[in-house]
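Every letter in the sequence shown is one number past the one before it in the numbering used here, and letter 166, counting from 1, is 1014. All remarks here apply to the structure that follows.
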Amino acid sequence: MEWKRDWGLTGRVWLTMFFLFILYLVFMTILLAFGAGLWLIVLLAVGMGLVQYFFSDKLVLWSTGARILEKDEYPELHRTVEKLCKEAELPLPRIAIMQSPVPNAFATGRSPKHAVVACTDSIMRLLNKEELEAVLAHELSHVKNRDILTMTMASFIAMIASMIMQSFFFSAMFGGRNRESGGGTIVVWIVSIIVYAVSTLLILALSRYREFAADRGSAYITRNPRALMSALNKISGRMDVVPVEAKAKIEGANAFFIIPALSGNTIMELFSTHPPLEKRLANLEMVETEIRGY
């Protein structure tokens, strides 16, 4: 089936990116107007962005404890991913397994040619074949949509603002700022806090849009939106009974998971990278109507 875009969703993604770009220009203008020493911070932010872009797969695998599989391990999983890649017209990614009682899956990598698709051993026990296919298709949709690149670019301004906030904080602690520049320093610090907060909210909105798009992609790859709806319900239900300690271990990688593993111990619950389950299911209902043509 032909891969179709939701132009309303695509428009919201581009509008969010546009707002981030405008925010970046305003931020740079204010910093330059107050004579902030900007170049070192920008260079550091660029360096961090490049590290995130080129080594995101290794960093995520390390933080989650996921292990790349050999070709003779989990043959059924390899066959499923290979079949879905043919449907999605994608090169075969590396496949990883993660030992965890938290049923989940994620994709990472800077491009389709450098992608990794991973799932936990518990999700393979929880879901049936069609449901697991739908989840893996969701992750492959992230790869096809180049979401790692999109989110890396989007997070650039937040990284700059964060580094400026930290540099002024540590300078104030160790007496690195003189009183003559105090007024300008305070303005730059306040502006950095505002920019960081606004850019973070925009990035979270962008992340939620990307999840809607990946759900849509899964429906088109598998031609079976109901399978993903069933999988999301099962995973969400299981999350409620998974031990808090198990979720806390992998909470830092929640932005990559198909459903975040929230332990309840952090403010992540207030600022979610994923849309509410009810909205995702409603979105899949609409996609099913579109696919079936009624």
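In this text, a Cβ means the ideal position worked out from N, Cα and C, and glycines have one as well. If you're wondering where the values come from, they're calculated on a predicted model, not measured in any experiment.
Pairwise C-beta distances place the stretch 942 to 960 in contact with the stretch 922 to 933, as three or more of them are shorter than 8 Å. Your pair T998 and R1058 checks out as a contact, with CB atoms roughly 7 Å apart and the cut at 8 Å. Here the alpha carbon of I1051 sits roughly 15 Å from the alpha carbon of G897. Residues of the same chain with a CB within less than 6 Å of the CB of A1009, apart from the 5 flanking positions on each side, are S1040, V1043, Y1044 in chain order.
Between A1079 and the set L1132, A914, A1101, the nearest pair of CA atoms involves L1132. By the Cβ test, the stretch 951 to 964 is in contact with the stretch 977 to 997, since at least three Cβ pairs between them sit closer than 8 Å.
When the alpha-carbon of L891 is set against those of A953, I1005, V874, the nearest one is in I1005. Going by beta carbons, I878 and V1036 fall inside the 9 Å limit. Membership of R1140 in any beta strand (DSSP E) is not indicated; the residue belongs instead to the alpha helix (DSSP H) covering 1125 to 1140.
If the five residues before and after I1107 are omitted, its C-beta is found closer than 8 Å to the C-beta atoms of N952, L1080, I1083, S1084, M1087, H1122, L1125, all from its own chain and listed in chain order.
Between L932 and T1070, the gap from beta carbon to beta carbon is short of 9 Å. Within the same chain, P951, N952, A953, L980, V983, I1083 come within 8 Å of I971 by CB-CB distance, once the 5 residues on both sides are set aside.
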